[in-house]
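J.: My questions all concern the structure below.
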C-alpha cells in the first residue's frame, strides 16, 4: 500500500462511530468507545471473541479509514522471534565478509559492526510496526495470539507495554 494519506484519529466517540459507519462497519457505541480510547491513549487494544464476529475486519477498516498501513502478524503454534520480530540476512552478511576478506580489509571488530548493522536486518511484522514512519503509526494486527505458547505471548506483551525491542547486536529499538 503506497500513497496512503494518514488522517487524524477521531476526536470524539461519535466521530469514531461515524468513521466506522463510513467504512460500512457496523459497530455499537461500546466498541467505538474502546477504539477511541485506544487511539487517543496510543495503547494496544485486545479484542477477544468467537470466529467471524469481525475482530480482524475492524483492524482492516481502521487502517483504511485512517489512511494507515496495516501490518499483520498471523500467530501459530511454534511462532518464534525470528519469524515475528527480526532476523539477519545471513547470505548477504556472508557475501560482505567474503568481499572484505578478498579485499584484505579484515579488521574483526569493524567487520562485526558492519555485518550486524541495519543494512542486514530483516524486519518482521513486530519490528516493522514499532519503527513505522513518524506521525503515521500503522495499525498492527496480531491475529490468533492464543495459538502461540505462553513464552511468546509474554514476549509480545512486554514489547507492547514498552513499545521497544532489543536486538542484541544493535541495541534497543524504540517506537
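Residue numbers (the numbering used here): 2 to 176. Ideal Cβ positions, reconstructed from N, Cα and C, are used throughout, including at glycine.
#1: Along the chain, where does the beta strand (DSSP E) that runs through residue 124 open and close?
#2: Return yes when the Cβ of residue 72 is within less than 8 Å of the Cβ of residue 141, no when it is not.
#3: Determine the DSSP secondary structure at residue 23, reduced to helix, strand or coil.
#4: With DSSP collapsed to three states, give me the class of residue 62.
#5: Quick one: Cα of residue 6 to Cα of residue 22, how far?
#6: Looking at residue 12 and residue 68, is the spacing between their C-beta atoms short of 8 Å?
#7: Could you give the C-beta distance for residue 176 and residue 164, rounded to a whole number, given that I count them as a contact under 8 Å?
#8: Can you name the start and end residues of the alpha helix (DSSP H) that residue 87 belongs to?
#9: When burial is assigned at 16 or more other CB atoms within 10 Å of the CB, is residue 2 buried or exposed?
#10: Counting C-beta neighbours from all protein chains within 10 Å, is the total for residue 77 16 or more, i.e. buried, or is it exposed?
#11: So that I know if they touch, is there some Cβ in chain B lying closer than 8 Å to that of residue 7?
#12: Just the C-alpha distance for residue 14 and residue 45, rounded to the nearest angstrom, thanks.
#13: Going by DSSP in three states, residue 175 sits in which element: helix, strand or coil?
#14: Check whether the Cβ atoms of residue 127 and residue 166 lie closer than 8 Å to each other.
#15: For residue 1, does the count of other Cβ atoms within 10 angstroms reach 16, so buried, or fall short, so exposed?
#16: Looking at residue 70: is its Cβ nearer than 8 Å to the Cβ of residue 133?
T.: By the coordinates alone:
#1: 122–124
#2: yes
#3: helix
#4: helix
#5: 20 Å
#6: no
#7: 4 Å
#8: First-last for residue 87: 87–89, but that is the beta strand (DSSP E), not the alpha helix (DSSP H).
#9: Since pLDDT at residue 2 reaches only 48, below the 50 mark, its modelled position is unreliable, and the value read off the structure follows with that caveat. Looking at its Cβ environment, which holds fewer than 16 other Cβ atoms inside 10 Å, residue 2 is exposed.
#10: exposed
#11: Of the protein chains in the structure, only one exists, and it is not chain B.
#12: 17 Å
#13: strand
#14: yes
#15: The structure shown does not extend to residue 1, since the chain spans only 2 to 176, so no value can be given for it.
#16: yes
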